[in-house]
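Participant:
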Amino acid sequence: MAGTLIRPPVKTLRFVVYHRVLHPELFAIVANRQVMGPGYTLGIRLIPSGHSLSWRLEDACLEEVLGETHMELPETGRLIHKNVEGERTCCFDLTPLWRYHCCVQREQLPPEQFVHLHEELVAEGISRGLLFHYQPRHRLSLAPLSLIRSQPVRRGLSLSCFHTFPEEWTIVKTQSLLEWKRDEPPGRVCC
């Protein structure tokens, strides 16, 4: 299992969104959490390469995966399939009631800036969010980390995900928003 916790290179990442929920057995889950809100349930899973977010709504499902290109993921229900390069955004109506927005950004920083940002993420992750430290490739290296913060917004839920790659001085950030398109909140989802 220790080998699966080492962070893969950034060039092997892809961002995939499905119009369905994928089975958790497809992933090597290192940390997870569930969030419930009006009209939705969200499963947050950290995996060695990034994350898997499973949204369950009253009338639809959505899965967002930041994973490696060699992961065996199904093609059925796939809406977005992109390599992680630069910055990419998307927005679409999931149902007549729900809209999904996402932004994926890959940024390489100078070493000093990277270390400073890494330390800020560690401090923030200790007080809020889902934080996981991976094994560094070398004993004295910075440990890669993943941090996911969820924040309720007026008509939905916003998620900020940060994944660091110290050997490449790179951070991959995703921002996802599931937004209720009407002024009144939907009914509550029960599991």
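According to UniProt numbering, the sequence shown is numbered sequentially starting from 1. Just so you know, even glycine gets a beta-carbon here, dropped at the ideal spot from N, CA and C.
1) Give the list of continuous alpha helix (DSSP H) stretches no shorter than 4 residues that lie fully inside the stretch 14–71.
2) Between the alpha carbons of residue 241 and Thr164, how many angstroms are there, rounded?
3) Given a cut-off of 8 Å, decide if Leu178 and Leu157 are closer than it, judged by their beta-carbon atoms.
4) Classify Pro111: buried if its beta carbon has 16 or more other beta carbons within 10 angstroms, exposed otherwise.
5) May I ask you to verify whether the stretch 47–60 touches the stretch 5–25, counting CB pairs closer than 8 Å and requiring at least 3?
6) Nearest CA to the CA of Arg106: which residue from Ala31, Phe162, Arg154, Trp180?
7) What does Arg78 pair with, by DSSP beta-bridge criteria?
8) Going by DSSP, what residue range makes up the beta strand (DSSP E) through Ser141?
9) Please classify Ile6: is it buried, with 16 or more other beta-carbons within 10 angstroms of its beta-carbon, or exposed?
10) Would you call Ser176 buried or exposed, if buried means 16 or more other Cβ atoms sit within 10 Å of its Cβ?
11) What would DSSP say about Glu124, mapped onto helix, strand or coil?
12) Hey, Cys90 and Glu64: beta-carbon distance below 8 Å or not?
13) Can you tell me the Cβ-Cβ gap for Val30 and Ile47, rounded? I've got them flagged as a contact below 8 Å.
Facilitator: Taking the coordinates as given:
1) Taken in chain order, the stretch 14–71 contains no complete alpha helix (DSSP H) segment of 4 residues or longer.
2) Because the chain spans 1 through 191 in this model, residue 241 falls outside it and cannot be assessed.
3) The sequence position of residue 157 within the sequence shown is 157, counting from 1. The sequence position of residue 178 within the sequence shown is 178, counting from 1. Their beta carbons are under 8 Å apart, which means Leu157 touches Leu178 by this criterion.
4) By 1-based counting over the sequence shown, the position of residue 111 is 111. So Pro111 ends up on the exposed side.
5) Judged by pairs of C-beta atoms under 8 Å, the stretch 47–60 touches the stretch 5–25, as three or more such pairs exist.
6) Along the sequence shown, one-based indexing puts residue 106 at 106. Nearest C-alpha to Arg106: Phe162.
7) Taking the first residue of the sequence shown as 1, we reach residue 78 at position 78. Its beta-bridge partners are Tyr18.
8) On the sequence shown, residue 141 is found 141 positions in, with the first residue counted as 1. Counting along the chain, Ser141 falls outside any beta strand (DSSP E), and DSSP gives it neither H nor E.
9) In the sequence shown, residue 6 corresponds to position 6, counting from 1. Looking at its Cβ environment, which holds fewer than 16 other Cβ atoms inside 10 Å, Ile6 is exposed.
10) One-based indexing of the sequence shown puts residue 176 at position 176. Answer is buried; the Cβ neighbour count reaches 16.
11) Locating residue 124 in the sequence shown gives position 124, where the first residue counts as 1. Helix.
12) Mapped onto the sequence shown, residue 90 falls at position 90. Mapped onto the sequence shown, residue 64 falls at position 64. In this structure, Glu64 does not lie closer than 8 Å to Cys90 by Cβ.
13) Indexing the sequence shown from 1 puts residue 30 at position 30. Indexing the sequence shown from 1 puts residue 47 at position 47. Right, the Cβ-Cβ distance comes to about 7 Å (below 8 Å), so this counts as a contact.
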